[in-house]
Amino acid sequence: DIQMTQSPSMLSASVGDRVTITCRASQYVSGWLAWYQQKPGKAPKLLIYKGSVLEGGVPSRFSGSASGTEFTLTISSLQPDDYATYYCQHYNVYPWAFGEGTKVEIK
Amino acid sequence: QVQLMESGGGVVQPGRSLRLSCGASGFIFSNYGMHWVRQAPGKGLEWVAVISYDGTNEYYADSVRGRFTISRDNSKNTLYLQMNTLTVEDTAVYSCAKDYHFYGSSGLLQYWGQGTLVTVSS
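First to last, the sequence lines map onto chains A and B.
According to our numbering, the first sequence holds residues -15 to 91 in order.
According to our numbering, the second sequence holds residues 46 to 167 in order.
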């Protein structure tokens, strides 16, 4: 099975900061990587799929990139609405797996 | 808009069973694979099971295979999760999710419900 390792587990940042979250797959996943945002008590929301494709309605300050088995989620200018936990997920082959999550907190 | 509403959670003793339901609206339910995902208190997300759009194929996480059964009733726009032989490790919020792809079970989860809490405790 493919494991996803996400880092950091938590980060503190200020409004306007550039934020980067990394996710590494234990095997090549052919770019089939998604990022989700989850706020407390809410359902996760799909942000990015296929490594870098923005889901409809997601602000352009969110972007994704890939290099081999390493994937990056970048928030170019952190906004108050972005404080949340972010998860990566591969959907290359069953069983699909999530990273452990990165909690973005207010600095 | 797409709405997914889970129900059926509660407190159950170890070894007992529980059946969850997920009512869907806002899309053609019978055209999409559907998933269950769970989140233990304070923990991350764990994919649990998927069923194809027509109910002919099912896949499970190793942690639940043989104990959980996913099913669907396309005439009622409803997804189910039958959970047997529950253990304390099954305590979690269980959410249903719609697959992104038409007629697909790709594993990409486009919309999620808010979830229903299952607590396994003696």
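By construction, the Cβ of each residue, glycine as well, lies at the ideal position given by its N, Cα and C atoms.
As the structure is a computational prediction, the values presented were derived from the model and not from experiment.
Measuring only between beta-carbons, confirm whether residue i sits less than 8 angstroms from chain B.
| i | result |
| --- | --- |
| Leu30 (chain A) | yes |
| Trp80 (chain A) | yes |
| Ala27 (chain A) | yes |
| Glu84 (chain A) | yes |
| Ala18 (chain A) | yes |
| Tyr71 (chain A) | yes |
| Tyr33 (chain A) | yes |
Considering only their Cβ atoms, is the gap separating residue j from residue i smaller than 8 angstroms?
| i | j | result |
| --- | --- | --- |
| Met(-12) (chain A) | Gly83 (chain A) | yes |
| Val56 (chain B) | Ser167 (chain B) | no |
| Gly71 (chain B) | Val95 (chain B) | no |
| Tyr156 (chain B) | Ser66 (chain B) | no |
| Leu57 (chain A) | Ala(-3) (chain A) | no |
| Gln21 (chain A) | Ile(-14) (chain A) | no |
Where do the N-terminal and C-terminal ends of the beta strand (DSSP E) with residue i fall, by residue?
| i | result |
| --- | --- |
| Trp80 (chain A) | Unbroken run through Trp80 (chain A): none, as it is neither H nor E. |
| Tyr139 (chain B) | 137 to 147 |
| Leu17 (chain A) | 17 to 22 |
| Val13 (chain A) | Run containing Val13 (chain A): none; DSSP gives neither H nor E here. |
| Gly48 (chain A) | 46 to 51 |
| Lys29 (chain A) | 29 to 33 |
| Tyr156 (chain B) | 154 to 157 |
Is there a Cβ from chain A that is less than 8 angstroms from the Cβ of residue i?
| i | result |
| --- | --- |
| Ser140 (chain B) | yes |
| Ala85 (chain B) | no |
Distance check for residue j and residue i, CA to CA, integer angstroms please.
| i | j | result |
| --- | --- | --- |
| His80 (chain B) | Asp65 (chain A) | 27 angstroms |
| Gly53 (chain B) | Val138 (chain B) | 11 angstroms |
| Cys141 (chain B) | Ser51 (chain A) | 31 angstroms |
| Leu162 (chain B) | Val88 (chain A) | 25 angstroms |
| Pro59 (chain B) | Tyr105 (chain B) | 21 angstroms |
| Arg112 (chain B) | Thr136 (chain B) | 14 angstroms |
| Val126 (chain A) | Thr53 (chain A) | The structure shown does not extend to residue 126 (chain A), since chain A is modelled only from -15 to 91, so the question has no answer here. |
| Ser185 (chain B) | Val(-1) (chain A) | One cannot answer for residue 185 (chain B) here, as it falls past the ends of chain B, which runs 46 to 167. |
| Ala27 (chain A) | Leu131 (chain B) | 24 angstroms |
| Ala9 (chain A) | Ile32 (chain A) | 16 angstroms |
| Cys72 (chain A) | Leu17 (chain A) | 7 angstroms |
| Ile59 (chain A) | Ser(-9) (chain A) | 15 angstroms |
Check your understanding: Which runs of the beta strand (DSSP E) spanning at least 3 residues fall entirely within the region 69 to 142 of chain B, listed in chain order?
Key -> 77 to 84, 90 to 96, 103 to 105, 113 to 118, 123 to 128
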